[in-house]
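Q: Numbering follows my numbering, in which position 59 of the sequence shown is assigned residue number 92; successive positions increment by one, without gaps. Just so you know, even glycine gets a beta-carbon here, dropped at the ideal spot from N, CA and C. This structure is in C-alpha cells; I'll ask about it shortly.
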Amino acid sequence: MEVKEKNSVIVELHDLTITEQKDDRFGRVVTTKSLSVDDLVNIAVSRRTDLSATTLKSAHEILKNIALEQLANGASVHFGLGYFHLNVNGVFIGDNEKWDNAKHSLSVHVTPTVELRNAVKSCKVDVRGMAASPMAVNSVTDVTSGEVNSKLTPGGGVNIIGTRIKIEGDQAGIGIKLVNETTKEEILVPTTSMLTNSPSKLSFIVPTGLVAGDYRLVISTQHSSSKVFLKKPRTYIFEYLLVVDA
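Pasting the structure below:
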C-alpha cells in the first residue's frame with residue numbers, strides 16, 4: 034500500500050492523575066468518525082466507478098465467512114489489516130487431561146499487518162493541547178474474565194477507570210448506556226445496578242439480557258468539579274468495542 038503524506042491524526046491531552054506531577058498529561062487520539070463496512074464500500078465506489086456496492090459487499094461477505102470457517106478449523110488467516118490465529122487459555126494438569134469448558138477456552142489473537150503498521154508510523158500527528166472536555170475513560174475491566182477494554186459478561190461486574198465520569202444530573206439521558214453496534218439498540222444500565230459512582234471510578238453489573246454482539250460504552254453526566262451540575266450533559270463514547278459472547 035502506498036502511504037500518503039496527507040494521513041494525519043489529532044491528539045488531545047488529558048490529566049494524568051496517577052502521578053504526583055500536576056502538569057503530567059497523557060495523549061488520546063481523537064476519533065474523527067466511525068465507519069461501517071457500508072461506509073467503506075461507498076468510499077470505494079466513489080473512487081472506483083467500475084465496481085458496484087453490491088459486488089464489493091458480496092465479495093467482502095464471502096471472504097469474511099471463508100476466513101471465519103478456516104480460522105475456526107485451526108488455520109492462521111491473513112485477512113484485511115491483520116493476521117489472525119487462535120490461542121488456548123487455561124492450564125492442563127498432566128499429559129492426558131481432556132478439554133474442560135469450565136477451565137479452558139479459545140481466544141483470537143490479531144497482529145496488525147506491515148501495511149497497517151507503516152501507515153500508522155507515517156501519520157502526521159497534530160497535538161492540539163488540552164481536550165475541551167476533561168471527561169475521559171482510561172480502562173474498562175470485565176471482572177468475570179479479567180479482560181481489559183475488550184469484553185462484557187452479562188450478569189458480571191465491570192470496573193471503569195477515568196476522569197470526571199461520576200453519574201450525576203437531572204436531565205434525560207444521564208447514565209451509562211451500552212449501544213449495540215449492529216442494531217444501534219441502546220440499553221441503559223439501571224441505577225440499581227451501579228456499585229460504585231465516583232469521579233474516577235464507576236462499577237456496575239452488566240444487564241443479564243444483553244444479547245451477543247459488539248457494544249459501544251456511552252457515559253452521559255452533568256458532573257462537574259463544583260457542587261453545581263453542568264447546564265448541559267457531557268457525553269463520552271469509549272473508543273473500544275466491547276464484545277458480548279454468544
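Can you round the beta-carbon distance between Ser41 and Lys154 to whole angstroms, since I take them to be within the 8 Å contact cut?
A: Rounded, the Cβ-Cβ distance is 13 Å, inconsistent with contact.
Q: Return the bridge partner residues of Arg267 from the DSSP annotation.
A: Partner(s): Thr254.
Q: Out of curiosity, what's the CA-to-CA distance linking Val36 and Leu114?
A: Only weak support is given to the placement of Val36: the predicted model assigns it a pLDDT of 46, under 50, and the question is left unresolved by the model.
Q: Check whether the region 206 to 219 and the region 249 to 266 touch, using three or more Cβ-Cβ pairs below 8 Å as the test.
A: Touching, yes, given that three or more Cβ pairs across the two stretches are closer than 8 Å.
Q: Just to check my reading of the structure: Gly202 and Phe262 have Cβ atoms closer than 8 Å, yes? What is that Cβ distance to the nearest angstrom?
A: Yes, they are in contact, since the Cβ atoms of Gly202 and Phe262 sit about 5 Å apart, within 8 Å.
Q: May I have the straight-line CA-CA distance separating Arg61 from Pro232, to the nearest angstrom?
A: Roughly 19 Å between the two C-alpha positions.
Q: By alpha-carbon positions, which one of Asp48, Ser67, Ser258, Thr64 ends up nearest to Arg58?
A: For Arg58, the nearest C-alpha among the options comes from Asp48.
Q: If you run the structure through DSSP and keep just helix, strand and coil, what is Asp247?
A: In this structure, Asp247 counts as strand in the three-state DSSP scheme.
Q: Assign Lys55 to buried or exposed, taking buried as 16 or more other Cβ atoms, counted over all protein chains shown, within 10 Å of its Cβ.
A: Classification of Lys55: exposed, given that the 10 Å Cβ count is below 16.
Q: In the DSSP assignment, find the unbroken beta strand (DSSP E) run with Asp175 in it and report its ends.
A: Here the beta strand (DSSP E) through Asp175 covers 169 to 175.
Q: Can you tell me whether Pro266 is buried or exposed? The criterion is at least 16 other CB atoms within 10 Å of its CB, across all chains shown.
A: Buried.
Q: Output the distance between the C-alpha atoms of Leu96 and Lys260, rounded to the nearest integer angstrom.
A: Leu96 and Lys260: Cα-Cα distance of roughly 55 Å.
Q: For Leu149, name the three-state secondary structure that DSSP assigns.
A: It is helical.
Q: With distances taken Cα to Cα, identify the nearest neighbour of Thr144 among Arg197, His118, Ile43, Thr241.
A: It is His118.
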